[in-house]
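The structure appears below as structure tokens.
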Amino acid sequence: TDQRCKILIAENGRGKTIVLKSLYAMLSGQFSRLTSLEFEKIVVTFPDDEITLYKNQLPKHSESDENSFIREIREKLSGKLDKLVELAMLLPTERLKEHFLLQFSAEKLDIPASLLAEKLKYAVSDLEEGDHLVAIRKKISDKLKAEILYLPTYRRIEEDLYDLGYVPIEIGLGGNLIQSGMSDVEEIIKQISAGIQHTLFGWFNRLDKEIWECLIKEAKTEDIEIENFETLKIVMDHIRDYVSDQGKAEVLKGFDPGQVDVLDDFLSDILQAYKEQKEKEETIQQFLTICNRYIIDKQISYHPSQGKIEVIQTKENRSLNLESLSSGEKQIISIFSKLYLEIKKPCVVLIDEPELSISMEWQRTLLPDILNSPKCLFLMAATHSPFIFDNALDIYAVALDEYVRECR
């Protein structure tokens with residue numbers, strides 16, 4: 004279909020979250036996440052094909068097949084066994100050992116987390132997928148050719164992230180995953196900037212630093228067209244640790260509109276190298292432009308030479324920490340950082356109850372901004388707020404009940 008958006012409308016408790024989670028599990032090939040659901044089959048329809056997964060194709064385990072260790076887990080950790088088995092099937096051993104639920108369970112069982120992970124891996128070894136599931140996963144991946152970005156509700160984010168196998172960098176009692184996300188945003192921007200600097204330093208490493216300083220003062224130069232003098236200044240800022248302030252001044256002093264006297268071929272190559280990297284910084288600027296539409300009485304700026312972003316309270320002109328932003332502002336920044344900075348290829352976005360923690364005004368603009376982001380191929384949202392589709396996307400809004408029929 005040419006339709007790039009679908010908005011499912013339903014009140015709480017009608018199953019819209021289950022629909023999104025099931026679609027995420029199916030499209031991402033995490034079929035073991037479907038074992039706890041009651042269904043006959045799931046069908047994914049592409050323009051030229053149809054892919055069907057039947058419930059009876061999924062791995063099964065029964066209590067009669069359980070060894071004594073698994074029975075002990077069932078007895079001591081009521082309700083946790085199915086989730087532990089699912090995690091053991093999804094995650095490699097190292098990530099399984101670090102998972103919050105496994106560490107919690109190991110403490111309750113009074114055994115090392117590494118031993119619990121090893122025993123779980125052994126217990127599920129008979130539940131490995133058959134060739135038919137491998138083939139279905141490959142077929143979906145080949146047809147889709149996209150990443151799957153699942154954005155759960157913030158009120159369930161701790162549960163959902165643990166279910167997906169993510170372990171936050173730092174988590175205390177009641178761990179704040181939203182703040183951890185803000186740290187991730189800062190780290191991503193720092194890494195992008197460091198990558199640009201690394202490319203530029205690669206050119207300078209061809210010459211000894213002292214030779215470079217001498218070349219600035221003594222080499223013959225030629226006029227090189229510069230589209231924007233600020234570009235050259237940014238390059239000089241990126242290499243601030245390599246070239247002295249006096250050296251940078253020598254490079255810049257001959258500037259006149261449209262032209263600047265610089266080192267001939269060498270600096271020309273550096274400028275070309277920066278232009279090839281500039282798209283990364285432009286992506287950061289696009290990300291900040293979107294975010295600045297949402298935050299109130301504040302402005303987020305990017306400092307290329309320092310590789311960091313800064314939040315300024317506009318009324319008092321003072322710097323703020325990202326963690327001091329409201330939960331709604333953090334939600335906006337987290338969503339768009341994934342879409343602009345983290346996702347590397349086109350993606351399908353699945354977002355659950357995007358209206359939580361954000362104002363009615365923001366609700367009207369959020370989904371159009373997500374859909375218009377460079378990487379978003381298709382957007383599906385589940386909501387109970389009429390303001391989410393009070394925009395040009397209202398033609399894609401459908402009541403979930405229209406897709407539901409009672410079994411007889």
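Numbering (my numbering), first residue to last: 4 to 411.
The beta carbon of each residue, even a glycine, is placed where N, CA and C say it ideally should be.
Distance CB(residue i)-CB(residue j) smaller than 8 Å
i: Thr317; j: Lys341; result: no
i: Lys19; j: Leu403; result: yes
i: Ile151; j: Tyr343; result: no
i: Leu119; j: Leu105; result: yes
i: Pro357; j: Asn394; result: no
i: Leu380; j: Ala149; result: yes
i: Lys311; j: Glu189; result: yes
i: Gln60; j: Leu136; result: yes
i: Ile139; j: Leu30; result: no
i: Ile346; j: Ile373; result: no
i: Ala91; j: Val46; result: no
i: Ile192; j: Ile315; result: no
i: Ala276; j: Thr202; result: yes
i: Leu353; j: Tyr153; result: yes
i: Ile199; j: Glu282; result: no
i: Cys8; j: Leu291; result: no
i: Lys58; j: Phe42; result: yes
Nearest candidate by alpha-carbon position, reference residue i, set the options
i: Gly133; options: Ser186, Glu78, Glu41, Ser35; result: Ser35
i: Asn375; options: Met185, Gly198, Val351; result: Val351
i: Glu97; options: Leu123, Thr386, Phe49; result: Leu123
i: Leu37; options: Ile76, Arg77, Val88; result: Val88
i: Ser360; options: Glu345, Ile336, Thr286; result: Ile336
i: Ala13; options: Thr202, Asp52, Ser388, Leu396; result: Ser388
i: Ser144; options: Lys193, Asp52, Gln288, Pro155; result: Asp52
i: Asn324; options: Phe49, Glu313, Ala384; result: Glu313
i: Asp113; options: Ile76, Val401, Leu94; result: Ile76
i: Lys142; options: Tyr153, Ile54, Lys83; result: Ile54
i: Pro155; options: Phe390, Ala400, Ala384; result: Ala384
i: Asn320; options: Leu396, Ser304, Lys83; result: Ser304
i: Ser327; options: Pro62, Lys348, Met185, Ile199; result: Met185
i: Ile293; options: Pro377, Asp85, Pro349; result: Pro377
i: Pro62; options: Phe390, Glu121, Lys100, Asp85; result: Asp85
Exposure label - residue i; buried when at least 16 CB within 10 Å
i: Gln309; result: exposed
i: Gln280; result: buried
i: Ile299; result: exposed
i: Leu11; result: buried
i: Lys24; result: buried
i: Ser322; result: exposed
i: Ser196; result: buried
i: Leu40; result: exposed
i: Gly32; result: buried
i: Lys333; result: buried
i: Gln366; result: buried
i: Lys111; result: exposed
i: Arg296; result: exposed
i: Ser108; result: buried
i: Tyr406; result: exposed
i: Tyr125; result: exposed
i: Gln6; result: exposed
i: Gly261; result: Its pLDDT being 46, under 50, Gly261 is placed unreliably in this model, and the value from its coordinates should be taken loosely. With fewer than 16 Cβ atoms within 10 Å of its Cβ, Gly261 is classed as exposed.
i: Asp355; result: buried
i: Phe392; result: buried
i: Ile398; result: exposed
i: Met363; result: exposed
i: Lys44; result: exposed
i: Ser67; result: Low confidence applies to Ser67: its pLDDT is 49, below 50, so where it sits in the model is not reliable enough to give any reading.
i: Pro307; result: buried
According to DSSP, residues forming a beta bridge with residue i
i: His306; result: Lys311
i: Gln316; result: Lys301, Arg321
i: Met383; result: Lys9, Leu353
i: Leu48; result: Looking at the sequence itself, residue 48 is Thr, so the reference to Leu does not match. Thr48 pairs with Glu53.
Where the alpha helix (DSSP H) containing residue i begins and where it ends
i: Leu112; result: 103–112
i: Ala91; result: 84–93
i: Tyr406; result: Segment: none, Tyr406 is in no alpha helix (DSSP H) and carries neither H nor E.
i: Ala395; result: Neither: Ala395 is in no alpha helix (DSSP H) and is coded neither H nor E.
i: Glu121; result: 116–126
i: Ile21; result: 19–31
i: Lys333; result: 330–340
i: Thr368; result: 363–374
i: Lys79; result: 71–79
i: Arg140; result: 134–147
Residue i: CB within 7 Å of a non-hydrogen atom of the ligand ADP
i: Gly331; result: Ligands displayed in this structure: none; no statement on the ligand ADP is therefore possible.
Endpoints, beta strand (DSSP E) assigned at residue i
i: Ile151; result: 150–154
i: Ala400; result: 400–402
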